[in-house]
Structures are given as structure tokens and as C-alpha cells.
Amino acid sequence: MAAQLESEGIRARGIACDIADLASVRAFADQALGAFGRVDALVLNAAAEGAAGPLLSQGPEIFDVAMAGNVRGNLALVNALAPQMVARKDGSITFMSSIAAKRGSTFLGMYSITKAAVDQAVRSLALELGASGVNVNAINPGPVRTEFSREALWGDPEREAQIAARNPMRRIGEARDVAGLAVLLASPAGRFINGQSVSVDGGLSVA
8 MAAQLESEGI
18 RARGIACDIA
28 DLASVRAFAD
38 QALGAFGRVD
48 ALVLNAAAEG
58 AAGPLLSQGP
68 EIFDVAMAGN
78 VRGNLALVNA
88 LAPQMVARKD
98 GSITFMSSIA
108 AKRGSTFLGM
118 YSITKAAVDQ
128 AVRSLALELG
138 ASGVNVNAIN
148 PGPVRTEFSR
158 EALWGDPERE
168 AQIAARNPMR
178 RIGEARDVAG
188 LAVLLASPAG
198 RFINGQSVSV
208 DGGLSVA
């Protein structure tokens, strides 16, 4: 991806990071600041699905994995990169949450818990950082076609058709459906949007 962006005349650098490994998160933040001097917009898109299934079938070790990948690592990255935004009184932080944060689930209960925690973190951080000119928000996608969701959502055409049939727009989302909101929240046009968890789901959450 970095090479593609460079070929289009956009300065880019790929830096590997394991969001569940705090040492890796700190190294990523240091390298990003070293390469560019500052971070204007942070989009926290790394996540862990955890294990699907009823909550009563899952032990604390599964909870720990899901929380490390979806909450702890992302908050550690915010802690590492938000201070330079606060110092400049300018910046944007966007968490990638899920409509699962707002709905009960017998299939992704553990994942839903972690995403609800993400939405709450957004509300608290928005209060903490707003006076410094830093806006903090969450995007809550519905089912979206990514490699992350292949097994659960669209790897099986029959399952994809079932999921699409429940959506008012009769399809699952594409990455580009979510990207526009991420760009808005990171831009001057979105700077007065703060503390919000915005669903991008084709209307699924109101169906």
C-alpha cells in the first residue's frame, strides 16, 4: 500500500505493528513521529475478532485477547500520539468500532463487548481532548467486505446473501462506503463533530 501511494506522489511509509503488543505499539508511534514529525489524524482500524459463539462458552482468555486487540492497544496508541496533537491544539482521532457495539449478539457477544468499550472510550476522550482542539469519534460499520470479515460474512455466498437480504440496501458494505466518513472526520470539515459513534451500515441498525 505504501508503495502504491508513493507511486501516486503521496509521501507514505509502511510500519508493521501488532496492536495487541504494547511494545510494538510504542515502537510504531516512535517510528511514525520520527518519519513525519507529527501525526495530524489517527485512524484506529486494527482489531481482533476474538472467537465467535455464545458468551457462556468463552473463558477469560478469550476476553483478554479481544480486549487487547480492540481496546487496550488502541488506547495505548492514543496515549502515545495524542500529546503532540494537544500541544499543537489540532488533530483528529477516529476509532473503528462496529454496530455490534449497539446491538446484542449470540454470535459475536465478546466482540460486541469490546466495541461497546470503544464507543465509551470515544465519549470520555472527546471530553478530555475537545478543549485542545482534538476531536475524537467512532465509526460503527455494519457488515463490510474485508479480509477480516471473510470467514464470518462473505466467504460463503449463501451466508452473504442471507446477510444482504436483512439490510435495507440489500447488500453488505464495501470498504469505500466507510472511507468517506473517515476522511470527513479527519478533515477541517469534520472538526466540530466530536464524541460521536456514527453508524455506516446501509440502514441495518434501524431495520
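Take 8 as the starting number for the sequence shown in my numbering and just add one per residue. Built from N, CA and C at the ideal position, the CB exists for glycine as well. As the structure is a prediction and not an experimental result, all values here were calculated from the model.
Proximity of residue i and residue j at Cβ, strictly below 8 Å
i      : j      : result
THR113 : ALA73  : no
GLY197 : ASN174 : no
GLY237 : ASP208 : Because the chain in this structure spans residues 8 to 214, residue 237 falls outside the shown range and cannot be described.
VAL93  : SER64  : no
ARG178 : ALA186 : no
MET103 : ASN144 : no
ALA75  : ALA55  : yes
ALA59  : LEU115 : yes
LEU88  : ALA36  : yes
GLN78  : ALA124 : Correcting the residue type first, residue 78 is Val in the shown sequence and not Gln. Yes, the Cβ-Cβ distance between VAL78 and ALA124 is below 8 Å.
GLN91  : LEU40  : yes
LEU95  : GLY202 : Here residue 95 turns out to be Arg, not Leu, going by the sequence shown. For ARG95 and GLY202, no; Cβs fall outside 8 Å.
GLU154 : TRP161 : no
ALA38  : ILE22  : Note on identity: in this sequence residue 38 is Gln, with Ala being the wrong assignment. Yes.
Beta-carbon contacts of residue i that lie in its chain and below 6 Å, excluding the five residues immediately before and after
i      : result
GLU181 : ARG152
ALA48  : SER99 and ALA193
GLY80  : ILE26, ALA27 and VAL32
ARG183 : none
LEU191 : GLY197
VAL213 : none
ARG45  : GLN91
Simplified DSSP assignment, three categories, for residue i
i      : result
ARG18  : coil
SER212 : helix
ILE179 : coil
GLY187 : helix
SER156 : coil
ALA145 : strand
GLY197 : helix
GLY116 : helix
GLY137 : helix
7 Å Cβ shell around residue i - same chain, five flanking residues per side excluded
i      : result
PHE70  : MET117
GLU13  : ALA19
MET176 : GLY209 and GLY210
ILE200 : ASN142, ASN144 and LEU192
Cβ-based neighbour list, residue i, same chain, cut-off 8 Å, excluding 5 preceding and 5 following
i      : result
LEU188 : ILE146, VAL205 and VAL207
LEU281 : Only positions 8 to 214 of the chain appear in this structure, which leaves residue 281 out of reach.
SER156 : PRO150
Could you give the uninterrupted runs of the beta strand (DSSP E) lying entirely in the segment 66-114, keeping only those of 3 residues or more? 98-103
Taking the runs of the alpha helix (DSSP H) that are 4 residues or longer, which of them lie wholly in the segment 16-55? 29-43
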